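As given, the protein sequences belong to chains F and Z, one line each in that order.
Under numbering that gives the first Met the number 0, think of the first position of the first sequence as 0, with each following residue one higher.
Under numbering that gives the first Met the number 0, think of the first position of the second sequence as 0, with each following residue one higher.
Positions of the beta carbon are idealized from the N, C-alpha and C atoms, including for glycine.
Since the model is a prediction, treat every value here as computed from it, not as a measurement.
So the structure is just underneath, and the comments pick up after that.
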Amino acid sequence: MLPLMEQELVDRRGWLSREEYLDCVALSQAMPGVLAVNMATSVGYRLKGLRGAAVAIVGNVLMPIVLILLLAVFFHTLRDNEWVARVFNGLRPAVVALIAAPVFQLSRSAQLTWRTAWIPLLAALLICLFGVSPVWIVLAAIVLGIIVKKLL
Amino acid sequence: MFFTLLFSFLKIGLFTFGGGYAMLALIQDEVVVKHGWITSQEFADIVAVSQMTPGPVGINTATYTGYTAMIGAGSSPWVAVVAGVLCSVAVVALPVVLMLLMVRLIDKFYDNATVRYTLRVLRMVVIGLIAAAAIRLVGPESFGSWSENPLQVVFSVAVFAAVFLLSLLPKKRISPIYLLIAAGAAGLLMGTIANN
Numbered sequence: 000m001l002p003l004m005e006q007e008l009v010d011r012r013g014w015l016s017r018e019e020y021l022d023c024v025a026l027s028q029a030m031p032g033v034l035a036v037n038m039a040t041s042v043g044y045r046l047k048g049l050r051g052a053a054v055a056i057v058g059n060v061l062m063p064i065v066l067i068l069l070l071a072v073f074f075h076t077l078r079d080n081e082w083v084a085r086v087f088n089g090l091r092p093a094v095v096a097l098i099a100a101p102v103f104q105l106s107r108s109a110q111l112t113w114r115t116a117w118i119p120l121l122a123a124l125l126i127c128l129f130g131v132s133p134v135w136i137v138l139a140a141i142v143l144g145i146i147v148k149k150l151l
Numbered sequence: 000m001f002f003t004l005l006f007s008f009l010k011i012g013l014f015t016f017g018g019g020y021a022m023l024a025l026i027q028d029e030v031v032v033k034h035g036w037i038t039s040q041e042f043a044d045i046v047a048v049s050q051m052t053p054g055p056v057g058i059n060t061a062t063y064t065g066y067t068a069m070i071g072a073g074s075s076p077w078v079a080v081v082a083g084v085l086c087s088v089a090v091v092a093l094p095v096v097l098m099l100l101m102v103r104l105i106d107k108f109y110d111n112a113t114v115r116y117t118l119r120v121l122r123m124v125v126i127g128l129i130a131a132a133a134i135r136l137v138g139p140e141s142f143g144s145w146s147e148n149p150l151q152v153v154f155s156v157a158v159f160a161a162v163f164l165l166s167l168l169p170k171k172r173i174s175p176i177y178l179l180i181a182a183g184a185a186g187l188l189m190g191t192i193a194n195n
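This is how it looks when you write it as structure tokens:
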């Protein structure tokens with residue numbers, strides 16, 4: 000979605016300079032939440048204040064929510080249809096693969112080395128084997144990140 | 000349960016760093032593992048449909064999960080639709096408030112060395128979160144059961160390997176939507192052949 004936003008906001012409408020746009024991306028990625036909605040918030044706020052943010056957010060999520068609800072109702076009524084069941088038998092292993100693949104792509108972009116690989120390994124281990132909530136892992140990463148940087 | 004569900008999604012939103020896939024790990028942990036509101040199979044189906052639908056994956060998944068959880072608890076479809084919308088609102092509510100607070104401090108904030116370092120650590124941790132989400136999905140719910148239908152398990156492993164390699168190997172990235180359409184078509188073909 001980011002390339003689309005850049006094209007529309009910077010090149011076509013000229014509402015933001017390239018630099019302002021990249022500032023919005025940096026902040027949106029640094030904050031928790033859904034990236035596209037964070038972008039809508041920061042861009043909307045920059046352009047028209049609180050009202051701008053509200054309009055941008057609603058514009059960003061309204062159609063997707065309506066569409067996914069229609070599909071949810073549709074697939075729920077068709078759940079016992081054997082043709083639909085066959086399609087989903089193919090989709091499920093594909094979904095697992097699509098979630099597994101970014102693990103390797105992200106390892107490259109996060110500049111993971113053999114010295115730091117224990118961090119994601121430990122996180123995955125704690126979640127899968129010991130049932131630790133990902134929430135605690137994220138909290139621990141924030142706290143440890145701050146402590147290590149302040150002390151070293 | 001309705002309010003517990005909303006509270007779960009408030010929490011999921013606040014602790015999602017690093018995009019849609021990280022959010023899947025949190026939704027799975029809260030909704031499937033911790034509360035058992037939906038099954039692992041339903042979760043895989045929701046992610047498949049959410050990925051193929053336009054719009055942010057986080058929004059799609061939150062809405063669809065909220066709907067399915069309420070239907071599963073015996074609510075009427077209308078209540079479930081409202082719950083779906085509210086789960087979406089809940090998942091973005093706290094991040095939006097944080098964003099509005101931070102927009103004014105934008106430059107100072109990101110130039111801070113501690114913030115940058117912490118974000119680097121978070122990026123590494125998130126890789127583990129996503130790996131855990133994938134591992135937790137491996138099982139009879141997504142791959143079929145060996146004792147009931149070994150053919151389906153073999154088929155599932157083949158689909159998994161094909162999609163995994165096709166999303167990693169090519170230099171020019173293939174959109175997940177096409178990979179899912181192909182996998183769905185393969186499932187349809189496979190099921191129809193196996194039944195005849």
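Using beta carbons (cut-off 8 Å, strictly below), is residue i in contact with chain Z?
i, result
"residue 112 (chain F)", "no"
"residue 47 (chain F)", "no"
"residue 16 (chain F)", "no"
"residue 30 (chain F)", "yes"
"residue 52 (chain F)", "yes"
"residue 129 (chain F)", "no"
"residue 37 (chain F)", "yes"
"residue 3 (chain F)", "no"
"residue 102 (chain F)", "yes"
"residue 24 (chain F)", "no"
"residue 109 (chain F)", "yes"
"residue 57 (chain F)", "no"
"residue 9 (chain F)", "no"
"residue 66 (chain F)", "yes"
"residue 203 (chain F)", "Residue 203 (chain F) lies beyond the stretch modelled for chain F, which goes from 0 to 151, so this question has no answer here."
"residue 121 (chain F)", "yes"
"residue 70 (chain F)", "yes"
"residue 77 (chain F)", "no"
"residue 34 (chain F)", "yes"
"residue 20 (chain F)", "no"
"residue 105 (chain F)", "yes"
Less than 7 Å between C-beta atoms, sequence neighbours within five positions excluded: which residues of the same chain meet that for residue i?
i, result
"residue 145 (chain Z)", "152"
"residue 67 (chain Z)", "37, 41 and 45"
"residue 51 (chain F)", "43 and 44"
Got a sec? Which residues, its chain only, sit under 8 Å from residue i by beta carbon, not counting five neighbours each side?
i, result
"residue 40 (chain Z)", "140 and 141"
"residue 94 (chain Z)", "12, 13 and 15"
"residue 26 (chain F)", "37 and 41"
"residue 72 (chain Z)", "0 and 36"
Pop quiz: residue i and residue j are said to be a contact at Cβ under 8 Å. What is the actual Cβ separation, rounded to whole angstroms?
i, j, result
"residue 214 (chain F)", "residue 33 (chain F)", "Absent from the structure is residue 214 (chain F), since the part of chain F shown begins at 0 and ends at 151."
"residue 93 (chain F)", "residue 188 (chain Z)", "Wrong, their Cβ atoms sit about 14 Å apart, outside the cutoff."
"residue 86 (chain Z)", "residue 164 (chain Z)", "At roughly 34 Å, the Cβ-Cβ gap does not stay under 8 Å, so residue 86 (chain Z) and residue 164 (chain Z) are not in contact."
"residue 106 (chain F)", "residue 126 (chain Z)", "6 Å"
"residue 24 (chain F)", "residue 15 (chain F)", "Wrong, their Cβ atoms sit about 11 Å apart, outside the cutoff."
"residue 117 (chain Z)", "residue 141 (chain F)", "6 Å"
"residue 98 (chain Z)", "residue 57 (chain Z)", "That belief does not hold up - the Cβ atoms of residue 98 (chain Z) and residue 57 (chain Z) are roughly 14 Å apart, past 8 Å."
"residue 88 (chain Z)", "residue 97 (chain F)", "Not quite, the Cβ-Cβ distance comes to about 26 Å (not below 8 Å), so this is no contact."
"residue 136 (chain Z)", "residue 17 (chain Z)", "Residue 136 (chain Z) to residue 17 (chain Z), Cβ: 19 Å. No contact."
According to the neighbour-count rule (16 or more other Cβ atoms, all chains shown, within 10 Å of its Cβ), is residue i buried or exposed?
i, result
"residue 27 (chain Z)", "buried"
"residue 157 (chain Z)", "exposed"
"residue 82 (chain Z)", "buried"
"residue 247 (chain Z)", "Coverage of chain Z is limited to positions 0 through 195, which leaves residue 247 (chain Z) absent and any answer about it impossible."
"residue 0 (chain F)", "exposed"
"residue 191 (chain Z)", "exposed"
"residue 155 (chain Z)", "buried"
"residue 57 (chain F)", "exposed"
"residue 123 (chain Z)", "buried"
"residue 130 (chain F)", "exposed"
"residue 147 (chain F)", "exposed"
"residue 59 (chain F)", "buried"
"residue 101 (chain F)", "buried"
"residue 11 (chain F)", "exposed"
Cβ of residue i less than 8 Å from any chain F Cβ?
i, result
"residue 190 (chain Z)", "yes"
"residue 59 (chain Z)", "yes"
"residue 0 (chain Z)", "no"
"residue 141 (chain Z)", "yes"
"residue 53 (chain Z)", "yes"
"residue 173 (chain Z)", "no"
"residue 118 (chain Z)", "yes"
"residue 3 (chain Z)", "no"
"residue 113 (chain Z)", "yes"
Using a Cβ-Cβ cut-off of 6 Å (strictly less than) and excluding sequence neighbours within five positions of residue i, which residues of its own chain qualify?
i, result
"residue 59 (chain Z)", "49 and 52"
"residue 20 (chain Z)", "129"
"residue 30 (chain Z)", "36, 37 and 64"
Q: Determine which residues of the segment 7-34 of chain Z have a Cβ less than 9 Å from any Cβ of chain F, and write them out in chain order.
A: 10, 11, 12, 13, 14, 15, 16, 17, 18, 19, 20, 21, 22, 23, 24, 25, 27, 28, 29, 32 and 33
Q: Give the residues from the segment 60-78 of chain Z that approach chain F closer than 8 Å (Cβ to any Cβ), ordered along the chain.
A: 62, 63, 66, 67, 70 and 76
(Q) To be precise: take each residue of the segment 82-94 of chain F, compare its Cβ to all Cβ atoms of chain Z, and keep it if any distance is under 7 Å. Which residues remain? (A) 82, 85, 86, 87, 88, 89, 90, 91, 92, 93 and 94
(Q) Counting only Cβ-Cβ distances shorter than 8 Å, please list the residues of the segment 83-105 of chain Z near chain F, keeping chain order. (A) 83, 84, 87, 90, 91, 93, 94, 95, 97, 98, 99, 101, 102 and 105
Q: Give, in chain order, every residue of the segment 122-154 of chain Z whose Cβ lies closer than 9 Å to some Cβ of chain F.
A: 122, 123, 124, 125, 126, 127, 128, 129, 130, 131, 132, 133, 134, 135, 136, 137, 140, 141, 142, 143, 151 and 154
**Q.** Residues, ordered as in the chain, of the segment 178-189 of chain Z that lie near chain F by beta-carbon distance below 9 Å
**A.** 178, 179, 181, 182, 183, 184, 185, 186, 187, 188 and 189
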